[in-house]
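Everything on this sheet refers to the single structure shown next.
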Amino acid sequence: MDSVYPCTIGSLLDVMEKTLVDVSIVQIYANSPKKVRILNDWGVEVAKRKRPRIYCFGTIHPDMDKPSDELERIVQMGLKGVKFQPTAQCFRPNEPRLFKIYEKMVELKLPALLCRR
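The numbering of the sequence shown is our numbering, which starts it at 49 and goes up by one.
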């Protein structure tokens, strides 16, 4: 399916104006452990520049080193939750290796979003 609008923050704001949407949440995900910090940094910058219109969820990759440290950083930076994309990140949500990540998210009161595709 082709996108009707280009995937840019500017086009998101345009659509929000046209459809009378007050707030949007951008949900990013990393398909590689190496991209987690870069994408979370990008999300923080978008949210800073466009708040209160746009907020962002951060991302964690199940195969990254020290996901707990990044979860704490996500909270410190003001991201609103964590998005997982199991098919793109090659994991199943009920894998035991994710339990420590989920437990840390509960401790930090971070909501999770898991998308099927």
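Just so you know, even glycine gets a beta-carbon here, dropped at the ideal spot from N, CA and C. Predicted, not measured: the structure shown is a model, and the values here were computed from it.
Own chain, CB closer than 7 Å to Val-245, minus 5 neighbours either side, in chain order: The chain is shown only over 49 to 165; residue 245 falls outside these bounds and no answer can be derived.
What does the Cβ neighbour count give for Phe-105, buried or exposed, with the cut at 16 atoms within 10 Å? Residue numbering aside, residue 105 sits at position 57 when the sequence shown is read from its first letter. Buried.
Where do the N-terminal and C-terminal ends of the alpha helix (DSSP H) with Phe-39 fall, by residue? As shown, the chain starts at 49 and ends at 165. That puts residue 39 outside it, with no answer to give.
Count the other CB atoms, across all protein chains shown, that sit within 10 Å of the CB of Ile-149; report buried if there are 16 or more and exposed otherwise. Position 101 of the sequence shown, counted from the first residue, corresponds to residue 149. By the Cβ neighbour-count rule, Ile-149 is buried, with 16 or more other Cβ atoms within 10 Å of its own.
Along the alpha helix (DSSP H) that carries Lys-11, what are the first and last residues, could you check? Not covered by the structure: residue 11. The range shown for the chain is 49 to 165.
Please go through the same chain and pick out, in chain order, the residues whose beta-carbon is closer than 8 Å to the beta-carbon of Met-49, but skip the five residues on each side of it. Here residue 49 corresponds to residue number 1 of the sequence shown, with the count starting at 1. Any answer about Met-49 is weak, because its pLDDT of 48 lies below 50 and its placement is not dependable; what the coordinates show is given next. The answer is none, since no qualifying residue turns up.
Measure the C-alpha to C-alpha separation of Glu-120 and Arg-99 and round it to an integer number of angstroms. What you label residue 120 is simply residue 72 of the sequence shown in a count that begins at 1. What you label residue 99 is simply residue 51 of the sequence shown in a count that begins at 1. Taking the straight line from one Cα to the other gives about 21 Å.
Residue interval of the alpha helix (DSSP H) (run including Thr-67): Start at 1 with the first residue of the sequence shown, and residue 67 comes out as number 19. Looking at the DSSP string, the run of the alpha helix (DSSP H) that includes Thr-67 is 57–67.
Identify, in the order they occur along the chain, each residue of the same chain with its Cβ nearer than 7 Å to the Cβ of Arg-140, setting aside the five sequence neighbours on each side. For the purposes of this step, residue 140 is identified with residue 92 of the sequence shown, where counting begins at 1. Closer than 7 Å at Cβ, skipping near neighbours: Pro-134.
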